[in-house]
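Undergrad:
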Amino acid sequence: MSSPNEFQNELSKLIMSSRLVPNADLHSFRVDGCVPKAVVMPVSERELSELLAEAYRKEWAVVPRGSGHSLKVGNSPLKVDLVVGTTGLEQSIDYSPSDLTVTVGAGTRFHELQSNLAKGGHWLPIDPPLGPVRTIGGILATNLVGPLSFGYGTVRDYLLGLRVVGPDGTVTKNGGRVVKNVTGFDLTKLHIGALGTLGIILEANLKVMPLPKCDKTIFVNFDRWQTGIQTFMLQSLSSYNGQAVELIVGADGDVKGYIRFLGSESSVAARVEEAFKLLTSSVTNPPRIITEKQAMDVWDEIQNFGWGDYSENGDDVIIRIGCSPSKIGSVIKDMFDYCAQNRHPIEIIASPARGVFKCKLKGITSVLAETVTMFRKTTARFGGYAVVELAPVKAKKNIDVWGDPGLGIQLMRRLKEKLDPNGIFNVGRYVEGI
Amino acid sequence: MLHKCKFIKQSNICFSLIPSQEWVLNTHKLINELEGIVGKSSVIHHPDDLLVFAYDGLVDTGTPQAVVFPTSTEQVSKVLTLANSRNIPVTPRGAGTGLSGGAIAHAGGIELSLTRMSSILEIDPENRTALVEPGVVNLDLSTAASAHGLYFAPDPSSQRACTIGGNVAENSGGPHCLKYGVTTNHVLALEVVLEDGSVLWLGDAYRGRPGYDLVGALVGSEGMLGVFTKAIVSLLPSPESVRTLLAVFSDIDLASNAVSKVIASGLIPTAMEMMDALTIRAVEKAMNFGYPKDAGAILLIEVDGLEVEVIDAMEQIIEMCYDSGAAAVKHASESKDREMLWAGRKGALGALGALAPNYYLVDGVVPRSKLTDVLQKVSEIGEQYGLPIANVLHAGDGNLHPLIVFDERQKGKKEQAMEAGAKIVEICVNAGGTLTGEHGVGLEKKDFMPLVFNEEDISLMMKLKDTFAPTGLLNPGKMFPDGSSCADFRQINITGTAGLGSWI
Ligand SMILES: Cc1cc2nc3c(=O)[nH]c(=O)nc-3n(C[C@H](O)[C@H](O)[C@H](O)COP(=O)(O)OP(=O)(O)OC[C@H]3O[C@@H](n4cnc5c(N)ncnc54)[C@H](O)[C@@H]3O)c2cc1C
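The listed protein sequences correspond, in order, to chains Y and X. All you need for the working numbering is the position in the first sequence, starting with 1, plus 1. All you need for the working numbering is the position in the second sequence, starting with 1, plus 23.
(1) For Y/Gln227, count the other beta carbons within 10 Å of its own beta carbon; 16 or more makes it buried, fewer makes it exposed. Which is it?
(2) Going by C-alpha to C-alpha distance, which of Y/Ile347, Y/Trp308, Y/Asp95 and Y/Pro422 sits closest to Y/Arg135?
(3) Given that Y/Trp403 touches chain X, what residues does it touch there, using C-beta distances under 8 Å?
(4) Would a check of beta-carbon distances place X/Pro390 closer than 8 Å to chain Y?
(5) On the DSSP letters alone, give me the boundaries of the beta strand (DSSP E) that Y/Met360 sits inside.
(6) Counting only beta-carbon atoms, is Y/Tyr386 nearer than 8 Å to chain A?
(7) Would you mind giving the Cβ-Cβ distance between Y/Gly176 and Y/Thr155, rounded to the nearest angstrom? I have them listed as a contact below 8 Å.
(8) Restricting to Cα atoms, I'd like to know which of Y/Pro133, Y/Thr285, Y/Leu191 and Y/Gln295 is closest to Y/Leu160.
(9) Report the residue from X/Gly124, X/Leu213 and X/His424 whose alpha carbon sits nearest the alpha carbon of X/Val2.
(10) By the DSSP assignment, the beta strand (DSSP E) with Y/Ile425 in it spans what residues?
(11) 8 Å is my cut-off, CB to CB: does X/Met502 come that close to chain Y?
(12) Between Y/Ile16 and Y/Phe358, what straight-line distance do the alpha-carbon atoms span, to the nearest angstrom?
(13) Here's the rule: buried if 16 or more other CB atoms are within 10 angstroms of the residue's CB, otherwise exposed. What is X/Glu467?
(14) Consult DSSP for X/Glu403 and reduce its assignment to one of helix, strand or coil.
(15) Does DSSP put Y/Pro133 in a helix, a strand or coil?
(16) Considering Cα atoms alone, identify which of X/Ala106, X/Val401 and X/Gly196 is closest to X/Glu56.
(17) Quick check: what's the CA-CA separation for Y/Gln411 versus Y/Asp26?
(18) From the DSSP output, in three-state form, read off X/Ala176 for me.
(19) Report the neighbours of X/Arg151 on chain Y: residues whose CB is nearer than 9 Å to its CB, in chain order.
(20) Is any beta-carbon of chain Y found at less than 8 Å from that of X/Asp396?
(21) So Y/Ala39 packs on Y/Leu141, CB below 8 Å; how close in whole Å?
(22) Mapping the DSSP letters down to three states, classify X/Cys344 as helix, strand or coil.
(23) Can you round the beta-carbon distance between X/Ala184 and X/Ala118 to whole angstroms, since I take them to be within the 8 Å contact cut?
(24) Taking the C-alpha atoms as reference points, what is the distance between Y/Val172 and Y/Val165?
(25) Is any beta-carbon of chain Y found at less than 8 Å from that of X/Glu491?
(26) Among residues of its own chain, excluding the 5 on either side of Y/Leu12, which ones have a beta-carbon nearer than 6 Å to its beta-carbon?
(27) Suppose the cutoff is 7 Å on Cβ atoms and the five residues either side in sequence are ignored; what does the same chain contact list for Y/Gly323 look like?
(28) Mapping the DSSP letters down to three states, classify Y/Phe111 as helix, strand or coil.
(29) Using CA coordinates, which residue listed in Y/Leu263, Y/Gly121 and Y/Leu149 is at the minimum distance from Y/Tyr96?
(30) Is X/Phe251 near ligand 1, with its Cβ less than 7 Å from a heavy atom?
(31) Measuring CB atoms only, is the region 292 to 301 of chain Y touching the region 50 to 61 of chain Y, in the sense that at least three cross pairs come out at less than 8 Å?
(32) Measuring only between beta-carbons, confirm whether Y/Phe426 sits less than 8 Å from chain X.
(33) At a Cβ threshold of 8 Å, is Y/Leu420 touching chain X?
(34) Can you find a C-beta in chain Y that's less than 8 Å from the C-beta of X/Asp346?
(35) Quick test of your reading: Y/Leu203 and Y/Ala354, contact by CB under 8 Å. State the CB separation rounded to the nearest angstrom.
(36) Which one of X/Thr152, X/Gly376 and X/Val191 has the shortest CA to CA distance from X/Leu426?
And the structure:
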């Protein structure tokens, strides 16, 4: 493939020009600075399928795209010929309240799905960063999760079936639209968090949940890092009965704790009362319930931590760290001390019950590689991992954002070779260069 | 010759062929080598002893050359390495309670029983996880975890006998998975031995490590992708309070309506189980609970959680049952009384067994809203074939288990039962459902796969198989259609397999 023009000529034989994004706009579709040779927004599965079949033959490097918000996840691509969008596809939402299931096109925005479900008294209880504006396909492919995943699990727990188009244009389905299903191997899970390296998700069947009638948040102010926090964290997994438990550690070292309770009136009231009792006896500052508006803002802030105010020209780095819940206090402490020693300003939101926390670091792009190495060493001691969720493109060049995917890497490579033998999807963006 | 063939279609290979001298010599050698790995007392090879291992819950048979009982991952790895070097099929086996033939050594070879790897290695109450060997019996894990106020959520009705390894391989469900999900929602990491003997850990005690979700693909893989030698599973806190309700209705429609009402109200009970008239009559005859004679359906609903929310939910559910026309409602909160309410449901399989010498238990799933329609069609099938069909179902999930009762001594009845079963599966698929909700494909339903999946869908599954287990020696002949129907019936003595108190 040579120049964008020749490339586009070739494309125009395949697909109507109205599906092509004008050249002048290509820049705004770049992936980590890589400007694609063309951007196509197919309007039908057939168009998409035929386009891919050709891409496969010609070995064009294809980047699937939903809303585009999370294209900055992963390593920078080694090559981008074609960006293929899913939002132009006809999107339908087929919702069956009495079955608690919904079938939704991958290009559908999450907020659209939620408002549809709300009409029937349901929701998909997930809250990934920038969730509302992203597409279902993108949410599945990136598997970024939010605070509610403690109480409700992740999108993995709601996915019943998928239709996917493979690199050669073949459309396949797996799973189904019933809540219990063991018909054949479960391939659906392989696409979750796979960043579109195995196929482009076309449609998902999901299980939905009843909307909770009541939503309350308890707030505890810890002032500084103190022993009460350790207790708070240890109790978070088992004792509060909340759907989300989070800590925000500000750049000034102030620590705030939040517990969110969702459910029926009586259930929330009982759980809040119990948590109050527990907290009053274990932390110095008295816990209190915050207003609906305050709660909404704070959960928004936590959900979108690092993403809400992310600017490509800024120098924020967001690192996500996972380890077992009982170890998280020690790991946070180590990170904190390291950053203090090296004068790196750090903000943290931690979900002790999920065993995950995210750090926002500023001004470390020049030393990103060594910082990440140190983070990985520390977490590895506790059996954990560290992923660079967001970082300036320049800084990404010197690191592998994913880190060690564990012993399964050979199988992962083999799987990629089987499902995308010409390696056209998202070249180099995934773990270990997959 | 046995070990030269990759796929041997005949079951009962030892007896259906006159063994050649070469075969006998090779078997002898193989057994010596296996004994060298696991010890003499851990290999079974005498034809009489092998008979027991020719079955699982699906009375199709396939006799292995030998059954081995490894006690460590290392031994599993060595057995697989040996089998791989000789081209010998290996069938992993847990308790053998599977209902689709997954643990049957269909192609002969080695049966790899994991039942002697049955230690609960660690319960970590802080992180609410357990590290277990695959042979741990499902209920034993919950019993052990209860010391910490925790339990393992997936509760197949065979939980007194079935193993965690089998649960993982079948992605088993249970009556209580309506609220808590099936096995796949509770498995965090697996130690797996691949067919070439290599050992690896996949997943983590917490989800989120980057990379493909290989654990997700291994759960439900029916022993065809690898042998699980350890698992890290998540445990849930035992609920503060549990309440159970039993409601009697004059017909299935009314009971189904009640189910729909509960779902529409926004409550998610832990279980919603239903029995139809035939089942009720059989249970009543066997156990004398005093169910009304004209009862057309019984609904069992269970809720759990904090005391206040449970009381609240139960009140609403009672009202909804009466609103839907329930003739009688009983409920209980004490464990002893709750057990009483469950007893009829749990004894249903045994009670139905008294109706005729044989039955064929079908597992199908439909969207819950189609349940009434589908049950109607199932009863039409029964009429058409002149076969009684009893229904015991996980109504909340739309998972039905029609049980076709017949007497195989009557000519043609068995074939008719099989045909009726196939029709029922088709009805489920046509209603937007699928072949199996929890029992797996195995031998039983492999030829039905094309009802749901086209060639391309299946070929993608094959690619997953090629990724993990390219030689095809691991549990061969399962899941994928090969043109011959392997669906089979089973004898009533199935309860012997599942142990005391088994129920569907
Ligand atoms: C009375 C009765 C009631 C039942 N109720 C339910 C129910 O409510 N819900 C439900 O889902 N099922 C139910 N079942 C089916 C069965 O009990 C489950 O499928 C169970 O999980 C099988 O476990 P097992 O240890 O008996 O496995 P087996 O039957 O021995 O094996 C099942 C499959 O798992 C594979 N396997 C076993 N161990 C391993 C391992 N360590 N590594 C890799 N593969 C392995 C085997 O090769 C086979 O394919 C019921 C069965 C009976 C007889």
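Every residue, glycine too, gets a C-beta built ideally from N, C-alpha and C.
TA: According to the data block:
(1) Counting Cβ neighbours within 10 Å, Y/Gln227 comes out exposed, since fewer than 16 surround it.
(2) Among Y/Ile347, Y/Trp308, Y/Asp95 and Y/Pro422, the Cα nearest to that of Y/Arg135 is on Y/Trp308.
(3) By Cβ distance, chain X contributes Pro233 and Gly234.
(4) Interface criterion met: the Cβ of X/Pro390 is under 8 Å from a Cβ in chain Y.
(5) Before going on, a small fix: residue 360 of chain Y reads as Cys here, not Met. Counting along the chain, the unbroken beta strand (DSSP E) around Y/Cys360 starts and ends at Val357 to Leu362.
(6) Considering every chain present, this structure includes no chain A. Its protein chains are Y and X.
(7) With a Cβ gap of about 16 Å, Y/Gly176 and Y/Thr155 do not count as contacting.
(8) Distances from the alpha-carbon of Y/Leu160 to those of Y/Pro133, Y/Thr285, Y/Leu191 and Y/Gln295 put Y/Leu191 closest.
(9) Chain X is shown only over 24 to 527; residue 2 of chain X falls outside these bounds and no answer can be derived.
(10) No beta strand (DSSP E) contains Y/Ile425, which DSSP labels as neither H nor E.
(11) X/Met502 counts as touching chain Y.
(12) Roughly 45 Å separates the two Cα atoms.
(13) It counts as buried.
(14) In the three-state reduction of the DSSP assignment, X/Glu403 falls in the helix class, which pools H, G and I.
(15) Looking at Y/Pro133 - three-state DSSP - the assignment turns out to be helix.
(16) The option with the nearest alpha carbon to X/Glu56 is X/Ala106.
(17) Approximately 39 Å, taken between the alpha carbons.
(18) DSSP places X/Ala176 in coil when its eight states are reduced to three.
(19) In chain order: Leu238, Ser239 and Pro326.
(20) Not one chain Y Cβ lies under 8 Å of X/Asp396.
(21) With a Cβ gap of about 25 Å, Y/Ala39 and Y/Leu141 do not count as contacting.
(22) X/Cys344: helix per DSSP, three-state reduction.
(23) Rounded, the Cβ-Cβ distance is 5 Å, consistent with contact.
(24) Using only the alpha carbons, I get a separation of about 6 Å.
(25) In the sequence under discussion, the amino acid at residue 491 of chain X is Phe, which differs from the Glu named in the question. At least one C-beta of chain Y is nearer than 8 Å to the C-beta of X/Phe491.
(26) Cβ contact annotation for Y/Leu12 (same chain, cutoff 6 Å, sequence separation greater than five): Ala39, in chain order.
(27) Here the set comprises Gly356, Val357, Gly385 and Tyr386.
(28) Three-state DSSP puts Y/Phe111 in a helix.
(29) Each of Y/Leu263, Y/Gly121 and Y/Leu149 was checked against the Cα of Y/Tyr96, and the nearest Cα belongs to Y/Gly121.
(30) Taking the Cβ of X/Phe251 as the reference point, at least one heavy atom of ligand 1 falls within a distance shorter than 7 Å.
(31) Here the region 292 to 301 of chain Y makes no contact with the region 50 to 61 of chain Y; the two share fewer than three CB pairs at distances below 8 Å.
(32) Closer than 8 Å: no.
(33) It does: the Cβ of Y/Leu420 has a partner Cβ on chain X nearer than 8 Å.
(34) No, because no Cβ of chain Y sits closer than 8 Å to the Cβ of X/Asp346.
(35) With a contact defined as Cβ atoms closer than 8 Å, Y/Leu203 and Y/Ala354 miss out at about 34 Å.
(36) If we check each option's Cα against that of X/Leu426, X/Gly376 comes out closest.
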